[in-house]
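Throughout the sequence shown, residue numbering follows the numbering used here, covering 776 to 931 in sequence.
Structure first, then comments.
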Amino acid sequence: MADIHIEEFYKDTAVALVQLYNAFPRRVNLFVEDIAGPDEPDEFGLHSRRHMACFGSLLWMAEEGLIRYVDTIRQEALDQAVLSQRAFTRLSAPASPTLVASVEPHVIAGGESLPPSVRADLTTHVHIIRETLRTGHSAKLSHVMQEIFFRDEPDH
Numbered sequence: 776m777a778d779i780h781i782e783e784f785y786k787d788t789a790v791a792l793v794q795l796y797n798a799f800p801r802r803v804n805l806f807v808e809d810i811a812g813p814d815e816p817d818e819f820g821l822h823s824r825r826h827m828a829c830f831g832s833l834l835w836m837a838e839e840g841l842i843r844y845v846d847t848i849r850q851e852a853l854d855q856a857v858l859s860q861r862a863f864t865r866l867s868a869p870a871s872p873t874l875v876a877s878v879e880p881h882v883i884a885g886g887e888s889l890p891p892s893v894r895a896d897l898t899t900h901v902h903i904i905r906e907t908l909r910t911g912h913s914a915k916l917s918h919v920m921q922e923i924f925f926r927d928e929p930d931h
């Protein structure tokens, strides 16, 4: 089992990527509370470790070229965030058959009866992320996000 902070990282990045994909190509404010849940700063105005970890995950995605943003809104949000071309392409691309089978086994088993456009949509990375978030299975989400982050880029 992965460390809890790594599982939270995968969940935070998955939620953020889906939010940005759903708004693409519009720029939107990406609020930490919408991803990690409500947070009450302490008496000194400092956010919780969980809140700051989520904020750090958003900044990491920007540093790694997955998202762009104009500015931060304190430590509460990214202002005018949008997916990068690299992230949009990866999320729209088909996932590996192994990954699809682990999340959507009916697509592999009986997918021939589905219209090609539906079958194609059910195998995209963004669909796989959405389904995995819906089930709440953290180990499976970790596996999905590892494929998205670490799978070699296709040759062009």
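Beta carbons: idealized from backbone N, C-alpha and C, even for Gly.
Where residue i sits in the DSSP three-state scheme
| i | result |
| --- | --- |
| Val790 | helix |
| Val807 | helix |
| Arg849 | coil |
| Arg802 | coil |
| Ser832 | helix |
| Leu795 | helix |
| His822 | coil |
| Glu783 | helix |
C-alpha distance - residue i paired with residue j, whole-angstrom precision
| i | j | result |
| --- | --- | --- |
| Met920 | Val790 | 11 Å |
| Val793 | Val901 | 7 Å |
| Thr864 | Leu858 | 9 Å |
| Thr910 | Ala828 | 23 Å |
| Arg926 | Leu874 | 12 Å |
| Ala876 | Ser867 | 17 Å |
| Ala798 | Phe819 | 35 Å |
| Asp809 | Ser892 | 31 Å |
| Ala870 | Leu908 | 16 Å |
| Ile848 | Asp854 | 6 Å |
Chain-order list of residues whose beta-carbon lies under 6 Å from that of residue i (same chain, five-residue window excluded)
| i | result |
| --- | --- |
| Glu815 | none |
| Gly812 | none |
| Tyr785 | Leu916, Ser917 and Met920 |
| Ala862 | Leu841 |
Identity of the residues DSSP links to residue i by a beta bridge
| i | result |
| --- | --- |
| Ile842 | Leu858 |
7 Å CB neighbourhood of residue i in its chain, flanking five on each side removed
| i | result |
| --- | --- |
| Glu906 | Val878 and Glu879 |
| Ile923 | Arg865 and His900 |
| Ala904 | It should be noted that the sequence gives Ile, not Ala, for residue 904. So the qualifying residues of the chain are Ala789, Leu792, Val793 and Val919. |
| Asp787 | Ile810, Ala811, Cys829 and Ser832 |
Please specify which runs of the alpha helix (DSSP H), each continuous and at least 4 residues long, are wholly inside the region 856-927, giving them in chain order. 860-867, 872-878, 880-885, 891-897, 900-910 and 913-925
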